[in-house]
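Numbering (mature numbering (1 follows the signal peptide of the UniProt record, and there is no 0)), first residue to last: -18 to -1, 1 to 75.
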């Protein structure tokens, strides 16, 4: 019974235990950067333009390094929303 309790306690430990820390104990922030150098947090998705390709990518960790992982081809667009807004405008004849 004791081993079962220890096993479940280990499964429920908070992810903060896995934070990367300096020898002084300070937590090192892990994040990605976009083409302008702006900070993008882990888990966020943006549209990337690389070698003439456009795709949606998510900022993830791989072997303790932040990296971009392609999620889907192409990028989301707000074009349909702007077309819908144009249809709501009053028309003059």
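Ideal Cβ positions, reconstructed from N, Cα and C, are used throughout, including at glycine.
Review point. Under the three-state reduction of DSSP, which class applies to residue 48: helix, strand or coil?
Key: strand
Practice item. Kindly give me the distance between the Cβ atoms of residue 56 and residue 36, rounded to whole angstroms, as I take these residues to be in contact under 8 Å. Key: 6 Å
Review point. With a Cβ-Cβ cutoff of 8 Å, do residue 43 and residue 58 count as a contact?
Key: no
**Study point:** Residue range of the beta strand (DSSP E) that includes residue 28
**Key:** 27 to 32
Point to revise | Residue burial classification, residue 29 (beta-carbon count within 10 angstroms, cutoff 16) | key: exposed
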